Amino acid sequence: GDHAHGDHFIPIRKSDLVRLLTGHFAPEQQTTFREFCRLLEATLHYRHHCQFELLKDAYALFNPDAVTKDFANNVAADRDALATELITRSKDLMQSANYRRLTTEEIHQAIGTASEWGLRLDVDLDAFKQLEIWVRGSTTAHRIRRRWQNFNRAERVPVEIYQRLIVVFQLHEHDPSTTEDEVSHREALEDPVHFKLFKNIPREDVDMLLPGSRFRMSLLDRGKIVLPTVSGLVIAAMKVIKGTLLAIFAGFWGIIAFLGFAGGTIGYGLKSFFEYMRTKEKYQLNLTRSLYYQNLDNNAGVLFRLLDEAGEQEFREAIVAYWLLLHGPSEGMTARELDQQAEQWLSEMLEFHVDFEVHDALDKLLQLGCARQHNDRWQAEPLVTALHHLDHAWDQIFTHREAHQETTGLECEFI
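In the numbering used here, the protein residues as written are 73 to 487.
Take a look at the structure:
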């Protein structure tokens, strides 16, 4: 498939990246570098694990798939505050995984656009208490389409797609995904928050992934069906009234021609109706295929996946920045110089542009003691020194501290 351009996401497996970078070290340093990578990855993973524990607690009240008993006694106002906290925490996680939130204008534009099958959908946005759509990897792919205007020949057309798309929504009052039995059994989940993750969704088909979408017939489609049918029925009624006159003045062939005209008019309306129904069925088939084959995960599973992706992405950014600083000039590099070098190196390796998040990478390296800043220039700590700093920070995570003692900033804070 086509790759996205200008995204922050670095599409290379963590193990492949470590193996590639290790090959640039002298043999006697390779073991130390692999150990550095292992400890860096564990430290970042632990930090995301802490975030996820907090997110799981925030989601417990709103998870439609929960099987555990809830002991919290929350009033409606508390639930609204907790729902807002959940959305905020999930927003931070999505941004860490390099997703971008669609603006309200972009959502309205997607809803107002006809699909490649020529159908429009009605979406009642007032039904949503909360609605967010997050995307990653905006790119152009090609699909095969057949149209009667082209004598039903296959044609290859460009389609703007989102490689990854997440829908986060909470409905007002009734949730169609919850049966009456489930409501009576678990009243606490009267307003669940849903997370839906999809792959390779055309921009113009975003609306079909929203609950409660209904097909909307265009005025042209209505005209094709209603006008010929009504005119045909009117002509057929006139036939009854004027049948006798026609028999007298037009004879047998006149009646046949008249009936043929009336029947043909009604037939055109019916043909237009069945064409519309076939198009609608094709769209529904495409929707079913999207929901079945293109749905990657749901609810808590989406959060698990985001956690893993965010951790891997942060590791990739940090290790690329550290490796380039370590092999860079002795006087160090500015953030801008490092950013340019990272993007050039990634572009040569991946054969497309990645918008490297240099400041995020440098902040992590500085916090973990793997890099230092003097004026506007950055330098990597020597490999052995950086490894010792990581090892010390890791040991401090699980060391009991009195209230007055300094923390590492990596500890979990459970609710």
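Note that beta-carbon positions come from the ideal geometry of N, C-alpha and C, so glycine has one too. All of these numbers come straight from a predicted model, not from anything done at the bench.
Would you say residue i and residue j are within 8 Å of each other, going by their C-beta atoms?
| i | j | result |
| --- | --- | --- |
| lysine 163 | aspartate 263 | no |
| glutamate 389 | glutamate 429 | yes |
| alanine 465 | leucine 440 | yes |
| valine 239 | leucine 197 | no |
| asparagine 170 | glutamine 385 | yes |
| histidine 117 | glycine 383 | yes |
| phenylalanine 267 | asparagine 371 | yes |
| tryptophan 206 | arginine 172 | yes |
| leucine 396 | threonine 104 | no |
| phenylalanine 387 | glutamate 125 | no |
| isoleucine 508 | tyrosine 234 | The requested residue 508 is not part of the displayed model; the chain covers only 73 to 487. |
| leucine 422 | isoleucine 84 | yes |
| leucine 462 | alanine 393 | no |
| proline 230 | threonine 212 | yes |
| leucine 418 | isoleucine 82 | yes |
| leucine 203 | leucine 165 | no |
For the beta strand (DSSP E) that residue i lies in, which residues bound it at each end?
| i | result |
| --- | --- |
| leucine 269 | 266–274 |
| arginine 236 | 226–243 |
| arginine 449 | 449–452 |
| alanine 443 | 443–446 |
Rounded to whole angstroms, how far is the Cβ of residue i from the Cβ of residue j, which I believe are closer than 8 Å?
| i | j | result |
| --- | --- | --- |
| glycine 400 | arginine 449 | Going by Cβ atoms, the distance from glycine 400 to arginine 449 rounds to 10 Å, so no, they are not a contact pair. |
| alanine 182 | valine 278 | 4 Å |
| phenylalanine 270 | leucine 243 | The Cβ separation is near 19 Å, so there is no contact. |
| valine 90 | cysteine 109 | 5 Å |
| glycine 284 | alanine 153 | No, glycine 284 and alanine 153 are not in contact; Cβ-Cβ is about 26 Å, not under 8 Å. |
| glutamine 101 | leucine 410 | 21 Å between Cβ atoms; not a contact. |
Specify, as a first and last residue, the run of the alpha helix (DSSP H) that residue i falls within.
| i | result |
| --- | --- |
| histidine 460 | 455–469 |
| leucine 437 | 430–439 |
| arginine 91 | 86–94 |
At a cut-off of 7 Å, is residue i close to the ligand GDP when judged by its beta-carbon and the heavy atoms of the ligand?
| i | result |
| --- | --- |
| arginine 388 | Of ligands this structure carries none, so the ligand GDP is not represented either. |
Establish whether the CB of residue i and some CB of chain B are separated by less than 8 Å.
| i | result |
| --- | --- |
| lysine 163 | No chain B is part of this structure, which consists of one protein chain only. |
**OP:** Evaluate the contact criterion for the region 124–137 versus the region 154–168: three or more CB pairs, one atom per stretch, below 8 Å.
**Re:** yes
Original post:
Is there contact here, the region 377–384 with the region 91–102, by at least three beta-carbon pairs under 8 Å?
Top reply: no
Subject >> Complete runs of the alpha helix (DSSP H) confined to the region 351–428 [at least 4 residues] >> reply: 372–398 and 407–422
Subject >> Segments of 3+ residues assigned as beta strand (DSSP E) that fall wholly inside the region 112–193 >> reply: none
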